[in-house]
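In the numbering used here, the protein residues as written are 1297 to 1685. Don't be surprised by glycine CBs; every beta carbon is placed ideally from N, CA and C. Each remark here refers to the structure printed beneath this line.
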């Protein structure tokens, strides 16, 4: 992956438009994510303003680009790390250990040791075996229990793999105490791309019931981690980050007034709209003479940055130089020799009738979960390039 950094400029009115102008003025030999530092800074400040007393711990996995992390460190952000690699990166750029939480509930023992030896004292867990692992390698640290919550209507639910059911939470806290750990709170994730703030209400009610039970049992919880879920504009417009965050925090404050430390872990909502991918049409074809849909093959696909098109949960918006022409539905696919590398087929994408091989195509709101999902030379295609402006 090649990374280029351009000099900082003035804050634009529309970051996506500015990024597309930047792309239009250049020629790219392969797919490139063009990323705006000022857009990241703007989004951080907007979210921080709306979140009020909550402390932002940016989900590093969304985009670990050094310039993104440096910008957030300069703004005072904390960080949610999923691995030793992310912890090392944040520390190397100047983040303080107390600003970093080890939020993955599935951790290698040696990584727990590394985190503990480097001053990380806040860990997530959702199972007794994980608590035992933490206690053995990071004695006496603070832990919070991740809860498995019901469906919320998010575009990409994050249930099943992470979290314990509410009845397990208090026994896990008791186990943590038995192991010499400090159970300080609860965490959950409402689901990625939760477009309406009202969707948080039922989830917060579920978590608040466990919180009240734990407080009544004498655990003296002080931390509530509300996770991510803050949305970005893809197919549909979403509320401004400040207004959305205000609504969420109103609901949080109603239910967790006694929580002295509120954490929020925006990832997508922080960086998605700070990036646009410059791509190219490689082929336009039909499978038969009477095929109703054209197939549009791009030089980027599921294995080179657009993994979130899986199940078509995330619907990216495409912009071309021919958008003034007549439009027709297309199936959009990537370039690899893998039949799974089809981006949108269930719901075809409207693209210009005159679109042809060699045409530039821009993909909006790609600052999150693109470079991090980009494979290393699958089919010989290089990882996604990055240009930071």
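To the nearest angstrom, report how far apart residue i and residue j are at their CA atoms.
| i | j | result |
| --- | --- | --- |
| residue 1647 | residue 1397 | 43 Å |
| residue 1528 | residue 1639 | 19 Å |
| residue 1581 | residue 1672 | 28 Å |
| residue 1484 | residue 1554 | 18 Å |
| residue 1515 | residue 1411 | 25 Å |
| residue 1301 | residue 1540 | Residue placement at residue 1301 cannot be trusted, given a pLDDT of 48 that sits under 50; what the coordinates show is reported in the next sentence. The alpha-carbon atoms of residue 1301 and residue 1540 are separated by roughly 31 Å. |
| residue 1696 | residue 1570 | Summary: the structure shown does not reach residue 1696, with the chain confined to residues 1297 through 1685, and so no result is reported for it. |
| residue 1469 | residue 1513 | 10 Å |
| residue 1305 | residue 1332 | The predicted model places residue 1305 with a pLDDT of 38, which falls under 50 and marks its position as unreliable; any figure quoted below should be read in that light. Distance between the alpha carbons of residue 1305 and residue 1332: 10 Å. |
| residue 1584 | residue 1558 | 57 Å |
| residue 1312 | residue 1530 | 12 Å |
| residue 1552 | residue 1350 | 12 Å |
| residue 1337 | residue 1543 | 21 Å |
| residue 1368 | residue 1661 | 19 Å |
| residue 1303 | residue 1366 | Because the pLDDT at residue 1303 is just 39, under 50, the model does not fix this residue reliably, and the point stays unresolved. |
| residue 1348 | residue 1401 | 27 Å |
| residue 1594 | residue 1609 | 19 Å |
Look at residue i and residue j and say whether their C-beta atoms are less than 9 Å apart.
| i | j | result |
| --- | --- | --- |
| residue 1577 | residue 1637 | no |
| residue 1641 | residue 1649 | no |
| residue 1561 | residue 1422 | no |
| residue 1329 | residue 1651 | no |
| residue 1686 | residue 1675 | Because the chain in this structure spans residues 1297 to 1685, residue 1686 falls outside the shown range and cannot be described. |
| residue 1319 | residue 1592 | no |
| residue 1462 | residue 1443 | yes |
| residue 1615 | residue 1545 | no |
| residue 1493 | residue 1426 | no |
| residue 1352 | residue 1383 | no |
| residue 1458 | residue 1440 | no |
| residue 1438 | residue 1387 | no |
| residue 1391 | residue 1664 | no |
| residue 1430 | residue 1477 | yes |
Of all the CB atoms in chain C, is at least one closer than 9 Å to the CB of residue i?
| i | result |
| --- | --- |
| residue 1473 | Absent from the structure: chain C. Only one protein chain is present. |
Give the range of the alpha helix (DSSP H) segment to which residue i is assigned.
| i | result |
| --- | --- |
| residue 1367 | 1362–1371 |
| residue 1489 | Taken as a continuous stretch (DSSP letters only), residue 1489 belongs to no alpha helix (DSSP H), as it is neither H nor E. |
| residue 1317 | 1311–1320 |
| residue 1646 | Counting along the chain, residue 1646 falls outside any alpha helix (DSSP H), though it belongs to the beta strand (DSSP E) covering 1638–1648. |
| residue 1674 | It is not in any alpha helix (DSSP H) - residue 1674 carries neither H nor E in the DSSP assignment. |
| residue 1473 | 1462–1474 |
| residue 1596 | Residue 1596 -> no alpha helix (DSSP H), and no H or E assigned at all. |
| residue 1425 | 1424–1433 |
Using alpha carbons as the reference points, say which of the options lies closest to residue i.
| i | options | result |
| --- | --- | --- |
| residue 1521 | 1603, 1630 and 1503 | 1503 |
| residue 1355 | 1338, 1550, 1524 and 1583 | 1524 |
| residue 1435 | 1623, 1314, 1473 and 1526 | 1473 |
| residue 1549 | 1501, 1513 and 1526 | 1501 |
| residue 1327 | 1533, 1537, 1479 and 1600 | 1600 |
| residue 1404 | 1428, 1394 and 1386 | 1428 |
| residue 1464 | 1374, 1445, 1478 and 1476 | 1445 |
| residue 1625 | 1660, 1587, 1609 and 1603 | 1587 |
| residue 1630 | 1613, 1620, 1621 and 1677 | 1677 |
| residue 1666 | 1644, 1605 and 1684 | 1605 |
| residue 1385 | 1347, 1402, 1371 and 1363 | 1363 |
| residue 1406 | 1394, 1381, 1358 and 1370 | 1381 |
| residue 1683 | 1621, 1361, 1589 and 1653 | 1361 |
Between residue i and the ligand NAD, is there a pair consisting of the residue's CB and a ligand heavy atom that are separated by less than 8 Å?
| i | result |
| --- | --- |
| residue 1386 | By its list of ligands, the structure shown contains no ligand whatsoever, and the ligand NAD lies outside what it can speak to. |
Going by DSSP, what residue range makes up the beta strand (DSSP E) through residue i?
| i | result |
| --- | --- |
| residue 1329 | 1328–1331 |
| residue 1661 | Segment: none, residue 1661 is in no beta strand (DSSP E) and carries neither H nor E. |
| residue 1616 | 1614–1616 |
| residue 1665 | Element bounds for residue 1665: n/a, residue is neither H nor E. |
| residue 1478 | 1478–1483 |
| residue 1606 | Segment: none, residue 1606 is in no beta strand (DSSP E) and carries neither H nor E. |
| residue 1355 | 1351–1355 |
| residue 1626 | 1623–1629 |
| residue 1683 | 1681–1684 |
### Query
In chain order, which continuous runs of the alpha helix (DSSP H) of length 4 or greater are located wholly inside the stretch 1491–1578?
1496–1512, 1537–1551 and 1564–1567
### Message
Could you tell me which whole alpha helix (DSSP H) segments of length 4 or greater appear in the stretch 1364–1418?
### Response
1380–1388 and 1405–1413
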